[in-house]
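Undergrad:
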Amino acid sequence: MGLRDELLKSIWHAFTALDVDKSGKVSKSQLKVLSHNLCTVMKIPHDPVALEEHFKDDDEGPVSNQGYMPYLNKFILDKVQENFERLDFNRMCWTLCARKNLDRNNLLISDDDAFKVWCIFNFLSEDKYPLVIVSEEIEYFLRKLTEAMGGSWIEEKFEDYKLQLDQEQQSLNVWELISLVGKGSFSKGMDPQTLSMAITEVFQELILDVLKQGYMMKKGHRRKNWTERWFLLRLNSISYYASEDLTEKKGDIVLDGDCCVEPLPDKEGKKCLFIIKCSDKSFEISASDKKKKQEWIQAIQTSISLLRLGQPAPHVEARQKRKELRQKLQTEQEELQKRMKELQTANENKQQELESMRKKLDEAAAQAVEEEQRRLQTQKELQESYRIELDREKMVRQQMEEQVAQKSSELEQYLQRVQELEDMYRRLEEALEDERQARQDEETVRKLQARLLEEEASKRAELEQIHLQQQRAISQTEAEKQELQNERLAKEEALQVALNQLEHLQSEREDALQQYEEVIKKLEDAANKTKSWKDKVAQQEGLIRLIQPGSKGPCKMTNWGAAAFTEAELTMREKSWQDQKNRSTQA
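Taking the working numbering, the leading residue of the sequence shown gets 1, the next gets one more, and so forth.
Take a look at the structure:
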């Protein structure tokens, strides 16, 4: 986070505090006072006419935050240098906003501690407005606060608290954070003084970039005498004071990439010696014990290494990594949600297409059924008409047979009369006439039978023709029925293809859900790795957790309080730590 972003966060609190009716606008008279105070604190020449000139075209009504930003950037932030005291700047902005927003009821902390929590909030909050602190940074701050108080972090308690937060935002504003810390929600069983000291310790580490502090003996450059001083290690300097209240500063040791720190053998009755070599001078220092000596040497070497690499303080770099990880996970979640929406939209479109195809198929099937019913009805009507025609032909044939039988009967009667006449003529005519008459009668009968046979063959041919027409009509109906059956089978195959596509989309959706679960698992693994990293650093290196000041007596100082271990236990822990470090180096 750059200087401009850091300053804008504090200025945003002051601007919103001046917005009494929460309309997003502030009167120009209040902006004049705010601008003058900002210029005074940041040691910038103030131009009272510039504000009027900047807003001369907007004389009516108050000014919004967007309208004030160009003036702020041009006349204040663009001119700022790092030659001002940031604590005074933050305290000025705090004074403007705390007067309106800070609720002091039931708070166990002082206004100064609330100010320190406010500064920590600005450091850990997200770089977007309105400013909020996400649950991960809340956990980081509360965990460091608990460790500074010497307590144990209870993961389940914080998880229960996270469930009470807004499910969508999972964040707090600055006044909610101050209320959470000030009411002792996560510091029950601790007295207010312990809580205040823990807030100060975390404030010094995160805001003042204090990496380590404590009492040690320093050798003078002129009189060569040894004097006890309170040393305070930052990334680029070591300041030493007369006492731990930091009221009387005695000097600074400026660190750079060319500095080095080396242990010294015991001399002049002083033990646990080490020397800090700078470009202009060297400083001999005596720690209270070997552990303190090693911790200070290691902390100073870490600071020098960071200066050589051009890297920020460990907590700044850790915050940047957490932020980048959150942004990466948020980007992956947004991409996954976008893909899920695209898949859902494609699925809905496919379902709509499938539904449309189903409707068309149902309509085609219904139409085919209706067509089949019409064809069956037509076929039945044709069969009925053919049956009626056949019955009519049978009736005509029967009538013709009856007529033939009647003609035959008449012929027999005629022949009988002829026979009687022949009998009558036989007596009158000669035997030859009787024979000729018989031949004529036989010829007539033959012609009549031939004519009847020709008529019967003609009728039989007509019946065969009608039967053939009926067979062709039945064959044509069967072909059309087969064609409709083929169309129905083709549409069923198209429906099956669409169902297969739907199953494929569902499988893709399940894969996307699996990818989303893997991203969530990666987030949890990253959180667990961050937790294990911080625990390892706190247990082995002792760089992040600061040593609390104790009495000036000979009691032994450890990371867990005064005189917490005997000399034997301390030696065993030091040996165990050295073995772990050797194993990690060999690995």
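Beta carbons: idealized from backbone N, C-alpha and C, even for Gly.
Given the structure is predicted, the values throughout are model-derived calculations rather than measurements.
Between S303, M197, Q470, K292, which has its C-alpha nearest Y215's C-alpha?
TA: Of S303, M197, Q470, K292, the residue nearest in Cα terms is K292.
Undergrad: So what does W230 bridge to, in DSSP terms?
TA: In the DSSP output, where bridge partners are listed per residue, W230 has Y215, Y241.
Undergrad: Are the stretch 129 to 145 and the stretch 208 to 222 touching, with three or more C-beta to C-beta distances below 8 angstroms?
TA: These segments do not touch.
Undergrad: In chain order, what residues of the same chain lie with their CB nearer than 7 angstroms to the CB of L361, ignoring the 5 residues before and after it?
TA: Here the set comprises K491, L495.
Undergrad: Apart from the five residues just before and just after M357, which ones in its own chain have a Cβ nearer than 8 angstroms to its Cβ?
TA: Taken in chain order, the residues that qualify are A494, L495, A498.
Undergrad: Check whether the stretch 343 to 351 and the stretch 290 to 304 are in contact - that is, three or more C-beta pairs closer than 8 angstroms.
TA: The stretch 343 to 351 vs the stretch 290 to 304: no contact.
Undergrad: Would the beta-carbon of L177 fall within 9 angstroms of that of L145?
TA: No.
Undergrad: Can you tell me the Cα-Cα spacing of L543 and K212, whole angstroms?
TA: Low local confidence applies: a pLDDT of 43 at L543 is under 50, so the model's placement there is unreliable, with the coordinate-based value given in what follows. Between L543 and K212, the C-alpha separation is close to 7 angstroms.
Undergrad: Quickly, what does DSSP pair F283 with across the bridge? List them, please.
TA: Its beta-bridge partners are I276.
Undergrad: Examine the Cβ distances between the stretch 232 to 239 and the stretch 303 to 311 and report whether three or more of them are shorter than 8 angstroms.
TA: Result yes; three or more Cβ-Cβ pairs closer than 8 angstroms.
Undergrad: Just to confirm the assignment, what range does the beta strand (DSSP E) spanning E262 have?
TA: Looking at the DSSP string, the run of the beta strand (DSSP E) that includes E262 is 260 to 264.
Undergrad: Mark L8 as exposed unless 16 or more other C-beta atoms lie within 10 angstroms of its C-beta, in which case mark it buried.
TA: So L8 ends up on the buried side.
Undergrad: Compare the Cα-Cα distances from Q449 to each of V404, L432, L415, I474 and report the closest residue.
TA: The residue with the shortest Cα to Cα distance from Q449 is V404.
Undergrad: Decide if L72 is buried, meaning its Cβ has at least 16 other Cβ atoms within 10 Å, or exposed.
TA: Buried.
Undergrad: Which first and last residues belong to the alpha helix (DSSP H) in which V117 is found?
TA: Run containing V117: 111 to 124, per the alpha helix (DSSP H) assignment.
Undergrad: Which same chain residues end up closer than 7 angstroms to F121 when comparing Cβ atoms and leaving out the 5 residues on each side of it in sequence?
TA: Taken in chain order, the residues that qualify are I133, V174, L177.
Undergrad: So, helix, strand or coil for K270, using DSSP?
TA: K270 falls in the strand class under three-state DSSP.
Undergrad: In chain order, what residues of the same chain lie with their CB nearer than 7 angstroms to the CB of L428, ignoring the 5 residues before and after it?
TA: Excluding residues within five positions, none has a Cβ falling inside 7 angstroms.
Undergrad: Taking the continuous beta strand (DSSP E) assigned at K249, which residues delimit it?
TA: That run of the beta strand (DSSP E) goes 249 to 254.
Undergrad: Taking 9 angstroms as the threshold (C-beta atoms), are L96 and S179 in contact?
TA: No, these two residues do not count as a Cβ contact at 9 angstroms.
Undergrad: Return the bridge partner residues of K521 from the DSSP annotation.
TA: Paired residues: none, contrary to the question.
Undergrad: Work out the CA separation of L131 and G67 for me, nearest whole Å.
TA: Near 19 angstroms, if we compare the C-alpha coordinates of L131 and G67.
Undergrad: Give the DSSP-derived three-state secondary structure of M92 in the structure shown.
TA: Three-state DSSP puts M92 in a helix.
Undergrad: Just to confirm my understanding: we take R326, look at its own chain, exclude 5 residues before and 5 after, and list those with CB closer than 8 angstroms. What are they?
TA: The answer, listed in chain order, is V134, E136.
Undergrad: Mind reading off the beta-carbon distance from M197 to K270? Whole number of angstroms is fine, and I expect it under 8 angstroms.
TA: 30 angstroms between Cβ atoms; not a contact.
Undergrad: Bridge partners of S171, per DSSP?
TA: S171 is bridged to V134.
Undergrad: Beta-carbon separation of C278 and L255 under 9 angstroms?
TA: Yes, the Cβ-Cβ distance between C278 and L255 is below 9 angstroms.
Undergrad: Using a Cβ-Cβ cutoff of less than 6 angstroms, which residues in the same chain neighbour A365 once the five nearest sequence positions on both sides are dropped?
TA: If we look at A365 and ignore the five residues flanking it on each side, it has no Cβ neighbours.
Undergrad: For S356, name the three-state secondary structure that DSSP assigns.
TA: Residue state, collapsed to three classes: helix.
Undergrad: What alpha helix (DSSP H) runs, 4 residues minimum, are completely inside the stretch 452 to 510?
TA: Fully enclosed alpha helix (DSSP H) runs of 4 or longer: not present.
Undergrad: Candidates K459, D289, L463: which alpha carbon is nearest E567's?
TA: It is D289 whose Cα lies nearest to the Cα of E567.
Undergrad: What residue range is occupied by the uninterrupted alpha helix (DSSP H) comprising P192?
TA: First-last of the alpha helix (DSSP H) with P192: 192 to 206.
Undergrad: Assign Y129 to one of three DSSP states: helix, strand, or coil.
TA: Correct three-state label for Y129: coil.
Undergrad: May I have the straight-line CA-CA distance separating R545 from S584, to the nearest angstrom?
TA: Any reading at R545 must be qualified, since the residue scores a pLDDT of 43, below 50, and its modelled position is unreliable; no value is offered.
Undergrad: Give the single residue among D160, Q383, G182, K188 whose Cα lies nearest to the Cα of W118.
TA: Considering only alpha carbons, the answer is G182.
Undergrad: So, helix, strand or coil for D289, using DSSP?
TA: The answer is coil: DSSP assigns D289 none of H, G, I, E or B.
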